[in-house]
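Student: Here's a structure for you.
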Amino acid sequence: MSKDIQFEALFEQLDQAIEPLKKAEGITYLEAVYQTAENIFEHKVLQENMNPELSQKLLEQYNNIQLEEVPAEVIRRAYQLVLLKGLREDEIQTNHQMTPDSIGFIMGYLVDKFTANTKDVTIFDPAVGTGNLLMTVHNQMKERESISMTGVEVDDLLVSLSYAGANLQHTPMRLIHQDGLSNLLIDPVDAVVSDLPIGYYPNDEGAKNFELRQDEGHSFAHLLFVEQAFNYLKSGGHAVLLLPSNILAGEVGKQLNAYVQQNGSLEMVLQLPDSLFKQKEAVKSIVVFRKKSEEVQPAKDVLISQLPNLSDAKKMLAIIKKLEEWFKNN
Numbered sequence: 001m002s003k004d005i006q007f008e009a010l011f012e013q014l015d016q017a018i019e020p021l022k023k024a025e026g027i028t029y030l031e032a033v034y035q036t037a038e039n040i041f042e043h044k045v046l047q048e049n050m051n052p053e054l055s056q057k058l059l060e061q062y063n064n065i066q067l068e069e070v071p072a073e074v075i076r077r078a079y080q081l082v083l084l085k086g087l088r089e090d091e092i093q094t095n096h097q098m099t100p101d102s103i104g105f106i107m108g109y110l111v112d113k114f115t116a117n118t119k120d121v122t123i124f125d126p127a128v129g130t131g132n133l134l135m136t137v138h139n140q141m142k143e144r145e146s147i148s149m150t151g152v153e154v155d156d157l158l159v160s161l162s163y164a165g166a167n168l169q170h171t172p173m174r175l176i177h178q179d180g181l182s183n184l185l186i187d188p189v190d191a192v193v194s195d196l197p198i199g200y201y202p203n204d205e206g207a208k209n210f211e212l213r214q215d216e217g218h219s220f221a222h223l224l225f226v227e228q229a230f231n232y233l234k235s236g237g238h239a240v241l242l243l244p245s246n247i248l249a250g251e252v253g254k255q256l257n258a259y260v261q262q263n264g265s266l267e268m269v270l271q272l273p274d275s276l277f278k279q280k281e282a283v284k285s286i287v288v289f290r291k292k293s294e295e296v297q298p299a300k301d302v303l304i305s306q307l308p309n310l311s312d313a314k315k316m317l318a319i320i321k322k323l324e325e326w327f328k329n330n
């Protein structure tokens with residue numbers, strides 16, 4: 001059975017188990033996703049006072065979902081699909097939408113290349129959401145002694161969905177239910193990867209802890225998250241972030257550039273194709289920063305490139321060759 005057929009069949013199994021639980025418990029689809037994933041992981045129905053007949057039917061469905069021999073990437077894709085269905089049904093806000101796989105694969109490729117000489121890799125996402133991007137990056141990594149992942153998320157349902165997804169994939173992930181811009185008990189990591197929430201940070205008092213705060217009014221959350229990435233990187237570590245394409249322009253760009261020059265370097269800006277976004281103002285880029293280190297020199301050249309349509313295999317191959325050449329020379 002091909003992986004595509006595997007993941008579609010698994011999605012159908014999960015969806016057929018989620019819908020009756022949603023109806024019986026009177027909860028949202030995403031809440032039912034979390035509870036179903038937990039039931040499958042625990043091999044039992046955890047909901048109390050459920051109709052015994054329905055409980056037995058659900059248990060039979062769970063027992064038919066055999067994940068032990070299924071590749072983690074197949075499980076991730078099927079779980080992603082039920083999450084996407086839930087995000088649509090429950091009308092979740094834009095900042096909670098998942099990063100498309102095509103973008104996640106590129107970010108995973110970059111993290112893998114930047115940490116190629118590190119046997120025990122540590123990765124951190126300060127705005128982990130459903131955990132899909134972090135799991136995508138994990139599944140892109142080449143053979144390592146170990147990969148330790150940490151995710152922080154302020155939304156209680158999203159962090160629960162991350163936890164349940166990691167359990168289904170049998171992939172260890174440390175998850176912290178906390179504001180990603182607060183003081184975190186996290187050791188410095190090799191790489192930070194994140195699709196950062198865009199907009200204003202409402203906690204003006206908390207923003208005072210950051211150099212990239214605004215003097216008047218609310219500060220930009222995505223700017224503060226860039227600084228937070230530097231805060232938790234090891235010296236010489238990389239931050240691979242999804243940011244607005246205009247992040248380096250205007251007064252905000254001057255402020256960010258000054259901070260980056262003081263604390264590290266800009267290594268790469270890969271602008272995503274406009275076709276991925278409904279509005280031109282919403283276009284994003286994959287931006288890579290490196291934290292300053294006495295042991296390593298900044299990249300000789302900053303790679304700035306416009307990515308083609310991600311479904312154009314020929315043009316994407318040319319971009320990969322360009323990236324490989326950059327890594328070879330830097």
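Numbered by UniProt numbering, the letters in the sequence shown go through residues 1 to 330 in order. Built from N, CA and C at the ideal position, the CB exists for glycine as well.
(1) Judging by CA-CA distance, which residue of L30, V287 and D101 is the nearest neighbour of L276?
(2) Would you say M98 touches the ligand FMN, meaning its beta carbon is less than 7 Å from a heavy atom?
(3) Going by CA-CA distance only, name the one from N309, S285, L270 and E294 that's closest to K322.
(4) Considering only C-alpha positions, which residue in the set L224, L168 and K300 is nearest to I40?
(5) From this set, W326, T130 and F230, which residue's C-alpha is nearest L30's C-alpha?
(6) For L266 versus F230, is the C-beta distance shorter than 8 Å?
(7) Give a yes or no on whether the C-beta atoms belonging to T225 and A127 are separated by under 8 Å.
(8) Can you give the Cα-Cα distance for H138 and V121, rounded to whole angstroms?
(9) Residues bridged to M268 by DSSP?
(10) Quick check: K291 and L241, are their CB atoms within less than 8 Å of each other?
(11) By alpha-carbon positions, which one of E216, E25 and K315 ends up nearest to L54?
(12) Whole angstroms are fine: how far does the CA of L317 sit from the CA of D125?
(13) Closest to D204 by C-alpha separation, out of L196, S194 and D215, would be which residue?
(14) Can you check whether the CB of Q140 is closer than 8 Å to the CB of F114?
(15) Would you identify the three-state DSSP class for A127, choosing helix, strand or coil?
(16) Nearest-angstrom Cα distance between E294 and G264?
(17) Got a sec? Which residues, its chain only, sit under 7 Å from S2 by beta carbon, not counting five neighbours each side?
(18) Within 10 angstroms of the Cβ of R76, are there 16 or more other Cβ atoms? Answer buried if so, exposed if not.
(19) Looking at the strands, I want to know which residues DSSP matches up with T122.
(20) Three-state secondary structure (DSSP) at S191?
(21) Applying the 10 Å Cβ sphere with the 16-neighbour rule, what's the burial state of V123?
(22) Just to confirm, are S311 and S285 a CB contact at a threshold of 8 Å?
(23) Nearest-angstrom Cα distance between L67 and A78?
(24) How would you write the range of the alpha helix (DSSP H) that P244 sits in, first residue to last?
Tutor: In terms of the structure at hand:
(1) Against the sequence shown, residue 276 aligns to sequence position 276. When each option's Cα is compared against that of L276, the closest is D101.
(2) The model depicted lacks the ligand FMN and carries no ligand whatsoever.
(3) Mapped onto the sequence shown, residue 322 falls at position 322. Ranking the options by Cα distance to K322, first place goes to L270.
(4) Taking the sequence shown and counting its residues from 1, one reaches residue 40 at position 40. Checked all of L224, L168 and K300; the closest Cα to I40 is L168.
(5) Taking the first residue of the sequence shown as position 1, residue 30 is located at position 30. That would be T130, whose Cα lies nearest to the Cα of L30.
(6) On the sequence shown, residue 266 is found 266 positions in, with the first residue counted as 1. On the sequence shown, residue 230 is found 230 positions in, with the first residue counted as 1. Going by C-beta atoms, L266 is not nearer than 8 Å to F230.
(7) Indexing the sequence shown from 1 puts residue 225 at position 225. Indexing the sequence shown from 1 puts residue 127 at position 127. According to the sequence provided, residue 225 is Phe. The question's Thr does not apply to it. The answer is yes: Cβ separation under 8 Å.
(8) Along the sequence shown, read from residue 1 onward, the residue named residue 138 stands at position 138. Along the sequence shown, read from residue 1 onward, the residue named residue 121 stands at position 121. Their backbone Cα atoms lie some 10 Å apart in a straight line.
(9) For the purposes of this step, residue 268 is identified with residue 268 of the sequence shown, where counting begins at 1. M268 pairs with V288 and L303.
(10) Residue 291 sits at position 291 when you count from the first residue of the sequence shown. Residue 241 sits at position 241 when you count from the first residue of the sequence shown. Against a cut-off of 8 Å, the Cβ pair of L241 and K291 comes out as no contact.
(11) Mapped onto the sequence shown, residue 54 falls at position 54. Comparing Cα positions, the closest option is E25.
(12) Here residue 125 refers to the residue found at position 125 when the sequence shown is read from its first residue. Here residue 317 refers to the residue found at position 317 when the sequence shown is read from its first residue. Their Cα atoms are separated by approximately 28 Å.
(13) Translated into positions along the sequence shown, residue 204 becomes position 204. Answer by Cα proximity: D215.
(14) By 1-based counting over the sequence shown, the position of residue 114 is 114. By 1-based counting over the sequence shown, the position of residue 140 is 140. Their beta carbons are not under 8 Å apart, which means F114 does not touch Q140 by this criterion.
(15) In the sequence shown, the residue the question calls residue 127 occupies position 127. Reduced to three states, the DSSP call for A127 is coil.
(16) The sequence position of residue 294 within the sequence shown is 294, counting from 1. The sequence position of residue 264 within the sequence shown is 264, counting from 1. E294 and G264: Cα-Cα distance of roughly 11 Å.
(17) Locating residue 2 in the sequence shown gives position 2, where the first residue counts as 1. Residue placement at S2 is poorly supported in this model, since its pLDDT is 48, which falls under 50; the coordinates are not used for a value here.
(18) As a position in the sequence shown, residue 76 is number 76, starting the count at 1. It counts as buried.
(19) Residue numbering aside, residue 122 sits at position 122 when the sequence shown is read from its first letter. DSSP lists S148 as partners of T122.
(20) Translated into the one-based positions of the sequence shown, residue 191 becomes position 191. Per the sequence shown, residue 191 should be read as Ala rather than Ser. A191: strand per DSSP, three-state reduction.
(21) For the purposes of this step, residue 123 is taken as the residue at position 123 of the sequence shown. A quick correction: the sequence has Ile, not Val, at residue 123. The residue is buried, with at least 16 neighbouring Cβ atoms inside 10 Å.
(22) Walking along the sequence shown from the start, residue 311 turns up at place 311. Walking along the sequence shown from the start, residue 285 turns up at place 285. No, Cβ-Cβ distance for S311 and S285 is not below 8 Å.
(23) Here residue 67 refers to the residue found at position 67 of the sequence shown. Here residue 78 refers to the residue found at position 78 of the sequence shown. If you take the alpha carbons of L67 and A78, they lie about 11 Å apart.
(24) On the sequence shown, position 244 is the one that residue 244 refers to. Counting along the chain, P244 falls outside any alpha helix (DSSP H), though it belongs to the beta strand (DSSP E) covering L233 to P244.
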